[in-house]
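Let me begin by presenting the structure, written as structure tokens, before commenting on it.
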Amino acid sequence: MNFLAHLHLADHCQSNLTGNLLADFVRGDPYRFYTPDVAAGIKLHRFVDSYIDSQPEIRAWRQQFPPTIRRVSGIALDMIWDHYLARHWTAFHDLPLAQFVQQARHEIEQFQEPEPETYQQMTRRMWTQEWLLQYQQESAIHHALARMAIRRPKLHALTECPPFLAAHYQALEQSFFILYPRLMQASKAYWLESRDSLIQQGHTQV
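UniProt numbering numbers the first residue of the sequence shown as 1 and each following residue consecutively.
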């Protein structure tokens with residue numbers, strides 16, 4: 001899952017939004033660097049990533065990508081899931097997408113703890129270029145994959161992914177409607193269990 005899904009799942013679990021967004025930029029034990037609520041959000045993000053990667057539908061889809069682009073298939077799938085979430089947002093959240101994004105931005109921009117420079121650069125582009133709103137358009141996903149390939153030459157194969165995504169658009173959409181509610185349920189269960197454990201350990205801010 002990509003940025004929008006991680007923010008939505010954080011909101012669904014009442015987890016810290018910044019921690020969930022920050023997770024890709026933090027290595028090691030987050031409790032060494034951040035307050036318990038932020039660190040717990042980072043851990044939730046990591047759970048989401050590991051859970052979705054373990055699903056048989058994801059493994060099957062990755063095998064369907066042509067061998068030349070299979071190694072970047074996980075990134076392409078993460079992006080298309082965000083597209084389906086944005087496109088069908090009202091099925092998963094009571095607030096309009098634009099209002100949710102506005103509220104998320106306001107909360108995240110109030111964050112006072114240390115942030116990696118790469119994270120700051122990413123979030124500036126995300127807000128000013130309105131990535132999360134643009135995800136409603138399939139073409140925006142294709143453009144995003146192309147931008148990633150330019151910024152990171154090792155991911156040049158991403159430029160070849162849009163034709164595959166377009167050819168399997170409806171089937172992927174059906175998979176999303178199976179996978180995402182399952183992910184929401186698993187994330188909530190994980191969050192409640194981990195939160196209770198942390199509270200027992202004295203992390204009362206979670």
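Yeah, the Cβ is synthetic: ideal placement off N, Cα and C, and Gly gets one too.
| Check | Outcome |
| --- | --- |
| So, for residue 169: in the same chain, excluding its five sequence neighbours on each side, which residues have a beta-carbon less than 8 Å away from its beta-carbon? | 138 |
| Taking the Cβ atom as the reference point for each residue, do residue 51 and residue 183 lie within a distance shorter than 8 Å? | yes |
| Quick check on this structure: which residue in 102, 156, 113 has the alpha carbon closest to the alpha carbon of residue 130? | 102 |
| Over the uninterrupted alpha helix (DSSP H) stretch that includes residue 15, give me the two end residues. | Run containing residue 15: none; DSSP gives neither H nor E here. |
| Roughly how far, in whole angstroms, is the beta-carbon of residue 133 from the beta-carbon of residue 82, given that I think they are within contact range, below 8 Å? | That pair is no contact at about 11 Å. |
| State yes or no: is the C-beta of residue 140 nearer than 7 Å to some heavy atom of the ligand SAH? | This structure lacks the ligand SAH; in fact it carries no ligand of any kind. |
| Contact defined as beta carbons within less than 8 Å: I believe residue 157 pairs with residue 38. What is the distance between those atoms, to the nearest angstrom? | That pair is no contact at about 34 Å. |
| When you compare the CB positions of residue 70 and residue 59, do they come within less than 8 Å of one another, or not? | no |
| Counting pairs of beta carbons, one from the segment 146-161 and one from the segment 82-97, are three or more of them closer than 8 Å? | no |
| Which residue wins for smallest C-alpha separation from residue 11, given the options 181, 87, 188? | 188 |
| With DSSP run on the structure shown, which of helix, strand or coil describes residue 95? | coil |
| Report back the beta-carbon spacing between residue 113 and residue 34 to the nearest angstrom; my notes put them in contact at under 8 Å. | 6 Å |
| Output needed for residue 65: all residues of its chain with C-beta closer than 7 Å, excluding positions within five of it in sequence on either side, in chain order. | 73, 164 |
| At the level of alpha carbons, what is the spacing between residue 44 and residue 86? | 21 Å |
| Is the beta carbon of residue 40 closer than 8 Å to that of residue 195? | yes |
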